[in-house]
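J.: Chains as they are written, first to last, in numbering that gives the first Met the number 0: chain A, 0 to 476; chain B, 0 to 393.
Just so it is clear, CB atoms sit at the ideal spot from N, CA and C, and this is done for glycine as well.
As the structure is a computational prediction, the values presented were derived from the model and not from experiment.
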Amino acid sequence: MLPQAALQDLERALGPRAVLARAQDLTLYEYDGSIEKSKPECVVFPRTTSEVVAAVKTARAYDLPLVGRGAGTGLSGGVIPRAGGLMIAFSRMNKILEIDYENECAVVQPGVVNLDITRAVQGNGYYYAPDPSSQKACTIGGNVAENAGGPHTLIYGVTTNHVLGIEAVLPDGSVIRVGGKEFDRPGYDLVGLLTGSEGTMALVTQVIVRLMRSPEAVKTLLAIYERPEDAAATVGDLTARAVTPAAVEMLDGVMLRMVEEATHAGYPLDAGAVLLIELEGLRETVEEQLALVNEVCLANRAREVRAAQSEEERALLWKGRKNAFGAVGRVSPTYYVQDGVVPRTRIADTLQHIYKVSEKYDLQISNIFHAGDGNMHPIILFDPDDPEQTARTKKAGEEILKYCVQAGGAITGEHGVGMEKNELMPLLFTDDSLETMERLMRIFNPDGRLNPGKLLPTGKGCMEIRLPPAHYRSTEW
Amino acid sequence: MPADVAGAAVAPSEIGEFREGLAAAAAAGRAIEIGGAFSKRSMGGPTVPVDIAFSTRNLNRLRIYEPADLTISVGAGMRYKQLAETLAANNQFLPLDPPYGEEATMGGILAANAGGPRRRRYGTARDMLIGMEFATLEGKLVKSGGMVVKNVTGLDMGKLMIGSFGTLAAVVTANFKVFPRPEQTASLAFIAADAGALLDVRRSILQSVLQPVAIDWLNVRAAAGVGLVGGHALLVEVSGSAAAVERCRRELAALRSPAAALEDLDDAVWADVREFAPRALRICPDGAVIRVTTTADRIGELLRVAEELGAALLLRAGNAVGYLAADGLDAARTALQRLRGAGFPATVESGSAAVRNELELWRPLDAELAVMRRIKNDFDPRNLLNRRRLFGVL
Chain A
0 MLPQAALQDL
10 ERALGPRAVL
20 ARAQDLTLYE
30 YDGSIEKSKP
40 ECVVFPRTTS
50 EVVAAVKTAR
60 AYDLPLVGRG
70 AGTGLSGGVI
80 PRAGGLMIAF
90 SRMNKILEID
100 YENECAVVQP
110 GVVNLDITRA
120 VQGNGYYYAP
130 DPSSQKACTI
140 GGNVAENAGG
150 PHTLIYGVTT
160 NHVLGIEAVL
170 PDGSVIRVGG
180 KEFDRPGYDL
190 VGLLTGSEGT
200 MALVTQVIVR
210 LMRSPEAVKT
220 LLAIYERPED
230 AAATVGDLTA
240 RAVTPAAVEM
250 LDGVMLRMVE
260 EATHAGYPLD
270 AGAVLLIELE
280 GLRETVEEQL
290 ALVNEVCLAN
300 RAREVRAAQS
310 EEERALLWKG
320 RKNAFGAVGR
330 VSPTYYVQDG
340 VVPRTRIADT
350 LQHIYKVSEK
360 YDLQISNIFH
370 AGDGNMHPII
380 LFDPDDPEQT
390 ARTKKAGEEI
400 LKYCVQAGGA
410 ITGEHGVGME
420 KNELMPLLFT
430 DDSLETMERL
440 MRIFNPDGRL
450 NPGKLLPTGK
460 GCMEIRLPPA
470 HYRSTEW
Chain B
0 MPADVAGAAV
10 APSEIGEFRE
20 GLAAAAAAGR
30 AIEIGGAFSK
40 RSMGGPTVPV
50 DIAFSTRNLN
60 RLRIYEPADL
70 TISVGAGMRY
80 KQLAETLAAN
90 NQFLPLDPPY
100 GEEATMGGIL
110 AANAGGPRRR
120 RYGTARDMLI
130 GMEFATLEGK
140 LVKSGGMVVK
150 NVTGLDMGKL
160 MIGSFGTLAA
170 VVTANFKVFP
180 RPEQTASLAF
190 IAADAGALLD
200 VRRSILQSVL
210 QPVAIDWLNV
220 RAAAGVGLVG
230 GHALLVEVSG
240 SAAAVERCRR
250 ELAALRSPAA
260 ALEDLDDAVW
270 ADVREFAPRA
280 LRICPDGAVI
290 RVTTTADRIG
300 ELLRVAEELG
310 AALLLRAGNA
320 VGYLAADGLD
330 AARTALQRLR
340 GAGFPATVES
350 GSAAVRNELE
360 LWRPLDAELA
370 VMRRIKNDFD
380 PRNLLNRRRL
390 FGVL
């Protein structure tokens, strides 16, 4: 229970309109894009870094667990307050503070929506490169916490490659600024360490992001295949031919039909798989690569390769891809998206394994993923009201992730570990490695107050020091 | 330890043996130096007397290389040169272009965060490293990342090791994403006596869609050092297909003016540019190379300071990271004062023993230093490992 005095302190520091504590209000903050749920005891909406500091100090004073939240679009339960406590929601810290073209960067608050940065600078020929599928809603603070990716991170990298500086509040209420507009500052790369730490080490209150020059030309192709393995083989051949597309996305037949019915993007209903390939760069480069990609696709038995002829056609093709999860929502009460990643040469056999798992557990699994970097997103459809099916779903998911690990891959490419995969971390890391991570985490978050129960297995995570496992709420799994 | 640290270093060829040796030395409370080829001992902080040195040079095996995956895993002791040759056989490359590239090992390159001109397009070690294993003083073998190009599983501890100058742990393996080699490259230089004219060219290039692979500025003195005379030189590398390179050449040529001449360059010029700091210290062993990490809007001002100091300046003109060569201890002291006085973050990146012992090499901010000290203290509570190698501070 939240002490009344804590509530009063928060209302005094942030104003009564910046604090929510009624049960019906808190329900909105009990979930994210994953399938986990747990209510905070209080949510605050700071407008400034000093208000964040005040909230953090209140949490310390009353010994409350603490978690930050952006838009809540995360897919690994990163913002679920699994130990209750105080949630700091950054939706009011949503200003782009500075756009600095000369130095190719922007200074933004954590609640700024990803796509809004590109919208603010595209008129001048610039953009912010990482583009998670949720980019119309997700915020930069969350992107930094999760080291978010997206389809277009194939050439230019993920969030960590585009963050130059961070201002953050530590769980002791102190404010640190690391990095800056300058590259290559000496010392330990604290920006690199904090990016992707899943909100377990610091609450990000300001971010300096890189801006990049928009490419001169962009071309999008849709290659249509009878068999998913031919689509997968195409990805390897593109690499062998030294083509580096800006994005290579794959949708299998199951996925295609769901997406087409929902968005009418023009995807073929009878195909086994499609690749959505985007090329960007100089006009000359794009034209040449277009011809080469066409050739490689046909050599791998694509039955047809279509190039979008207009910006509208291109947008429609991408709409199908980016709204895929919504399309799944139309046909299944819920779904479980996975995020395993494998070396690119292992895509075809991993996909085959996913189909076997689908049969073995009698579950429908559709596949949509970033084929260019081997980041698989099998989507398992299930009914959460059916406990037996839910249990099967979990088992199927784990079996797929284990296969990814055996193939030389990892359990999460861009969604984060969160509270979804933290117990699977020993598949990849020894106790020595996990303990080293935990100790680094503890340097920033010594009493485990910040975002407890995430990223590390709860058996050995620092949260255990603070809270016995019984303190956690059941997560429905 | 004798002066010949590389010769005297213990250099196991198995990771297990390396890890155990390191842990045993730490348990005995011995002061330890770790290195690869020890090619960059003039970089970072002073080299202090130690009880034992370890080299990773025999942890030099190619572990995994699947060209179609565009990834490679090597022992930390593999030399950059050998890695480059391995990749070149498959028409691939790792565009780090570090100084001391003939001898340097991958572990040392990561520890020093050494990079080069093509960072404008490809970034630095932090953008290419996808996985790592390091051995700690406690005898742990710790893994971060893996062999896939996109991976957020666990804390990104590899980043922490990059640029740490071996003050936290010993990197024993490193995994990288690699790139297909472009079909063609071309190198050009704009030469101008008037820096202002060249600044305009720089801006035009970076704001255009051409987006060069490398764009380096050599001030008058630095340009002369690589045989380019007549003023400041703005070196540009473009790459891609024949048609793309031809277009870049054409459009770059259009930026030529009476004030800024254009010359074709042999690609070999980049080797000289890459070796700027080692060459400066060879010519002037008492000197120093100061890294100035600034922003693009202050490049003009930095050029003026360098001119006042009469110093050679190499600038990664896309990222605004400068390297200023000072001719001796006093010159280095004067340059540091002048740069810091003007508000430029300046760090003595390499220099003579006297330079590294006597100057305040790095001036970190208190809050970030406090966090860094906590990290150092966790990995190395007795301060045994590469003591003071991180610019004399850690």
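Along the stretch 350-367 of chain B, what residues have a CB closer than 9 angstroms to any CB found in chain A?
T.: If the cut-off is 9 angstroms between Cβ atoms, the stretch 350-367 of chain B has Leu360, Trp361, Pro363, Leu364, Ala366, Glu367 near chain A.
J.: Using a Cβ-Cβ distance under 8 angstroms, would Tyr495(A) count as near chain B?
T.: Residue 495(A) is absent from the model: chain A starts at 0 and stops at 476.
J.: Going by DSSP, which residues form a beta bridge with Met127(B)?
T.: Note: Met127(B) sits in no beta bridge, so no partner.
J.: Sort Gly144(B), Arg388(B), Leu187(B), Lys149(B) by Cα distance to Thr172(B) and report the nearest one.
T.: Among Gly144(B), Arg388(B), Leu187(B), Lys149(B), the Cα nearest to that of Thr172(B) belongs to Gly144(B).
J.: Under 8 angstroms: do the stretch 448-458 of chain A and the stretch 14-22 of chain B share three or more Cβ pairs, one atom per stretch?
T.: The stretch 448-458 of chain A vs the stretch 14-22 of chain B: no contact.
J.: Using a C-beta cutoff of 8 angstroms, does Met156(B) count as contacting chain A?
T.: Yes, its Cβ sits closer than 8 angstroms to a Cβ of chain A.
J.: If you draw a straight line from the alpha carbon of Ala188(B) to that of Val225(B), how long is it in whole angstroms?
T.: For Ala188(B) and Val225(B), the distance between alpha carbons rounds to 12 angstroms.
J.: Taking all protein chains shown into account, decide if Thr262(A) is buried (16 or more other Cβ within 10 angstroms of its Cβ) or exposed.
T.: Counting Cβ neighbours within 10 Å, Thr262(A) comes out buried, since at least 16 surround it.
J.: Can you tell me where the beta strand (DSSP E) with Val168(A) in it begins and where it stops?
T.: Unbroken beta strand (DSSP E) run through Val168(A): 162-168.
J.: Using Cβ-Cβ distances below 9 angstroms, what residues of the stretch 195-222 of chain A are close to chain B?
T.: Here the close residues are Gly195, Ser196, Glu197, Thr199, Met200, Met211, Arg212, Ser213, Pro214, Glu215, Ala216.
J.: Closer than 8 angstroms by beta-carbon distance: list the chain B residues that pair up with Arg176(A), in chain order.
T.: In chain order: Leu364, Ala366, Glu367.
J.: Between which two residues does the alpha helix (DSSP H) containing Cys403(A) stretch?
T.: Here the alpha helix (DSSP H) through Cys403(A) covers 386-405.
J.: Is it true that the CB of Val292(A) sits closer than 8 angstroms to the CB of Leu281(A)?
T.: No, they are not a contact pair.
J.: Beta-carbon of Phe368(A) versus every beta-carbon of chain B: anything under 8 angstroms?
T.: No, Phe368(A) lies away from the interface with chain B (no Cβ there is under 8 angstroms from its Cβ).
J.: Have a look at Pro97(B) and Gly325(A) and give me their C-alpha separation to the nearest angstrom.
T.: The alpha-carbon atoms of Pro97(B) and Gly325(A) are separated by roughly 47 angstroms.
J.: Could you tell me the distance, in whole angstroms, from the CA atom of Met424(A) to the CA atom of Ile276(A)?
T.: Between Met424(A) and Ile276(A), the C-alpha separation is close to 32 angstroms.
J.: So which residues of chain A does Gln210(B) contact, with C-beta pairs closer than 8 angstroms?
T.: Under the 8 angstroms cutoff, chain A gives Arg212.
J.: When you compare the CB positions of Ala298(A) and Pro150(A), do they come within less than 8 angstroms of one another, or not?
T.: In this structure, Pro150(A) does not lie closer than 8 angstroms to Ala298(A) by Cβ.
J.: From what residue to what residue does the beta strand (DSSP E) around Ala53(B) run?
T.: In the sequence as displayed, the identity of residue 53(B) is Phe instead of Ala. It spans 51-54 - the beta strand (DSSP E) in which Phe53(B) sits, taken as one unbroken run.
J.: Could you name each continuous beta strand (DSSP E) segment of 3 residues or more that falls completely within the stretch 38-110 of chain B, going from the start of the chain to the end?
T.: Segments of the beta strand (DSSP E) lying fully in the stretch 38-110 of chain B: 51-54, 61-65, 70-74.
J.: When the Cα atoms are used, what is the spatial distance from Met156(B) to Val190(A)?
T.: Taking the straight line joining both Cα atoms gives about 11 angstroms.
J.: Just to make sure I have the definition right: I need the residues of chain A whose C-beta is within less than 8 angstroms of the C-beta of Ile374(B). Which are they?
T.: Per Cβ cutoff of 8 angstroms: Tyr187, Leu439, Ile442.
J.: Could you give the distance in angstroms between the alpha-carbon of Leu268(A) and the alpha-carbon of Leu250(A)?
T.: Cα-Cα distance, rounded: 12 angstroms.
J.: Quick one: is Arg448(A) near chain B, going by C-beta distance under 8 angstroms?
T.: No, because no Cβ of chain B sits closer than 8 angstroms to the Cβ of Arg448(A).
J.: Between the Cα of Ser173(A) and those of Leu383(B), Asp377(B), Asp365(B), Arg386(B), spot the shortest distance and give me the residue it belongs to.
T.: Checking every option, the nearest Cα to that of Ser173(A) belongs to Asp365(B).
J.: Please classify Met0(A): is it buried, with 16 or more other beta-carbons within 10 angstroms of its beta-carbon, or exposed?
T.: Flag for Met0(A) reads exposed.
J.: Could you tell me the alpha carbon to alpha carbon distance between Thr238(A) and Asp372(A), rounded to whole angstroms?
T.: Distance between the alpha carbons of Thr238(A) and Asp372(A): 11 angstroms.
J.: Helix, strand or coil: how does DSSP classify Trp216(B) here?
T.: Strand.
J.: Rounded to a whole number of angstroms, what is the C-alpha to C-alpha distance between His376(A) and Gln337(A)?
T.: So the two alpha carbons sit approximately 5 angstroms from each other.
J.: To the nearest angstrom, report how far apart Lys36(A) and Val268(B) are at their CA atoms.
T.: When rounded, the distance between both Cα atoms is 60 angstroms.
J.: Taking the beta strand (DSSP E) that Glu348(B) belongs to, which residues open and close that run?
T.: Element bounds for Glu348(B): 345-350.
J.: Assign Glu283(A) to one of two classes, buried (16 or more other C-beta atoms within 10 Å of its C-beta) or exposed (fewer than that).
T.: So Glu283(A) counts as buried.
J.: Identify every run of the alpha helix (DSSP H) within the stretch 356-391 of chain B, keeping only runs that are complete inside it and at least 4 residues long; order them along the chain.
T.: Fully enclosed alpha helix (DSSP H) runs of 4 or longer: 365-378.
J.: In three-state terms, what does DSSP make of Ala17(A)?
T.: The answer is helix: DSSP assigns Ala17(A) an H, G or I state.
J.: Please list the partners that Gly156(A) has in chain B, where partner means a Cβ-to-Cβ separation under 8 angstroms.
T.: Going along chain B in sequence order, the residues near Gly156(A) (Cβ under 8 angstroms) are Gly122, Asp126.
J.: Would you check if there are 3 or more beta carbon pairs closer than 8 angstroms linking the stretch 312-332 of chain B to the stretch 352-364 of chain B?
T.: Touching, per the Cβ criterion.
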